[in-house]
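To keep things clear, I will list the structure first and then write my remarks on it.
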Amino acid sequence: MGRKPKPTATKRLAGNPGQRKLNPAEPTPQAILPPAPADLTDVGRAKWNETALKLYNQSIVTELDLDMLYMYCVEWETFIEARNLIKANGGMVLKTSNGNPIQNPYVSIANQCKDKMIKIMTEFGMSPASRSRVSTVQKAKPKSLAEKFFNAPIAIDKGGK
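In structure tokens, the structure reads:
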């Protein structure tokens, strides 16, 4: 219980303000851009491609995160299907045979999916508040040709010594 632990990289960037021992063996998996799983629908595959690219560009998605990204896309598929069924079956409120208004059962399905997606989005730092708690690996800026040429180490010939 309690607060989630901060990643070691975040503690290092902040100068380890609590002066607690850092985990030297914390896993640091490589960011990857994986293809969408074959069993996703077109809706899920489109969401996978969109989300995976955004997460990859931030160096967030790794081989360890694929199952969570998959669950996010499956929940997205179900959410979209529930929303379509809400529209196709009379909207948010239905009337019983007695004329009493009731909530369309697909509304609760859509709401459950939304709640699950928000939890997953928080883990990936995909909301404004959660983004402040996620640290990413800074990609090295590629050197220009001038930097490569002018900042290269100089070999000095010391007369055969």
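If you count the sequence shown from 1, you need to add 2 to reach this note's numbering.
Beta carbons: idealized from backbone N, C-alpha and C, even for Gly.
Using a Cβ-Cβ cut-off of 6 Å (strictly less than) and excluding sequence neighbours within five positions of residue i, which residues of its own chain qualify?
i: ASN100; result: none
i: THR30; result: none
i: GLY17; result: none
i: ALA27; result: none
i: VAL45; result: GLU79, ILE82
i: ARG47; result: ALA38
i: ASN59; result: none
For the beta strand (DSSP E) that residue i lies in, which residues bound it at each end?
i: ILE104; result: 103-105
i: LYS56; result: Taken as a continuous stretch (DSSP letters only), LYS56 belongs to no beta strand (DSSP E), being part of the alpha helix (DSSP H) at 44-59.
i: ALA95; result: Before going on, a small fix: residue 95 reads as Val here, not Ala. From DSSP, the beta strand (DSSP E) with VAL95 extends over 95-97.
If I measure Cβ to Cβ from residue i and keep anything under 7 Å in the same chain, skipping five residues before and after, which residues do I get?
i: ALA54; result: LEU35, PRO36, VAL63, LEU71
i: LYS97; result: PRO103
i: ALA84; result: TYR108, ILE111, ALA112, CYS115
i: ASN51; result: ALA38
i: MET73; result: ILE122
i: LYS49; result: CYS75, TRP78
i: ALA90; result: none
i: GLU125; result: MET70
Taking a contact to mean a Cβ-Cβ separation below 9 Å, would you say residue i touches residue j in this structure?
i: SER129; j: ILE120; result: yes
i: TYR108; j: ILE88; result: yes
i: LEU57; j: ASP67; result: yes
i: ALA112; j: CYS75; result: no
i: GLU77; j: ILE122; result: yes
i: GLU79; j: LEU42; result: yes
i: ASN40; j: SER61; result: According to the sequence displayed, residue 40 carries Ala and not Asn. Not closer than 9 Å, so no.
Leaving out the 5 sequence neighbours to the left and right, which residues in its chain are closer than 8 Å to residue i when beta-carbon positions are compared?
i: GLN105; result: MET94, VAL95, LEU96
i: GLY92; result: ASN106
Where does the unbroken alpha helix (DSSP H) through residue i begin, and where does it stop?
i: ALA33; result: Counting along the chain, ALA33 falls outside any alpha helix (DSSP H), and DSSP gives it neither H nor E.
i: ARG85; result: 68-90
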